[in-house]
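S.K.: If you use this note's numbering, the sequence shown corresponds to residues 44 to 123, in order. Think of the CB as a built atom: it goes at the ideal place given N, C-alpha and C, for glycine as much as any other residue.
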Amino acid sequence: MEIEGPLKFGIVTQDNSLDREIHLDFTDTFQNLNLREQTQVFHAYIMQLKSQSEAIVDENSERQGMLVVLQIAEQLAPHI
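1) If we require 4 or more residues per run, which alpha helix (DSSP H) segments fall completely within the segment 47-77?
2) What's the C-alpha gap between L67 and D58?
3) Taking Cβ to Cβ, would you say L110 is nearer than 8 Å to S96?
4) Am I right that F73 and Q81 are in contact with their C-beta atoms under 8 Å? What's the rounded C-beta distance?
5) Mapping DSSP to helix, strand and coil, what is E117?
6) Please classify V55: is it buried, with 16 or more other beta-carbons within 10 angstroms of its beta-carbon, or exposed?
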C-alpha cells in the first residue's frame, strides 16, 4: 500500500529480533512550504485519509494500515 502525502514511513526490523520500528519523516516538498501552506496541506491530507479509509468497506490490512497512518497524522496535526 502506498499513501501519497507529506509523510514518509519506513519500517526497520532489528537483526535477530522480531522488534520493528516505524521511522517517520516529512517529504522535502512539504518541508519547503511555508508554515501556513504546511498546515493547509496537512489538514487536506488528513481529510483525504479519512475519505479513503471510509471508502474501503472490508476490514482488511490496507484499511487498517491507512487507519494507523491517519491516527499518527491526527496526533501530529496540532504541532504543525
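M.R.: With the structure as the only source:
1) 71-74
2) 20 Å
3) yes
4) 6 Å
5) helix
6) exposed
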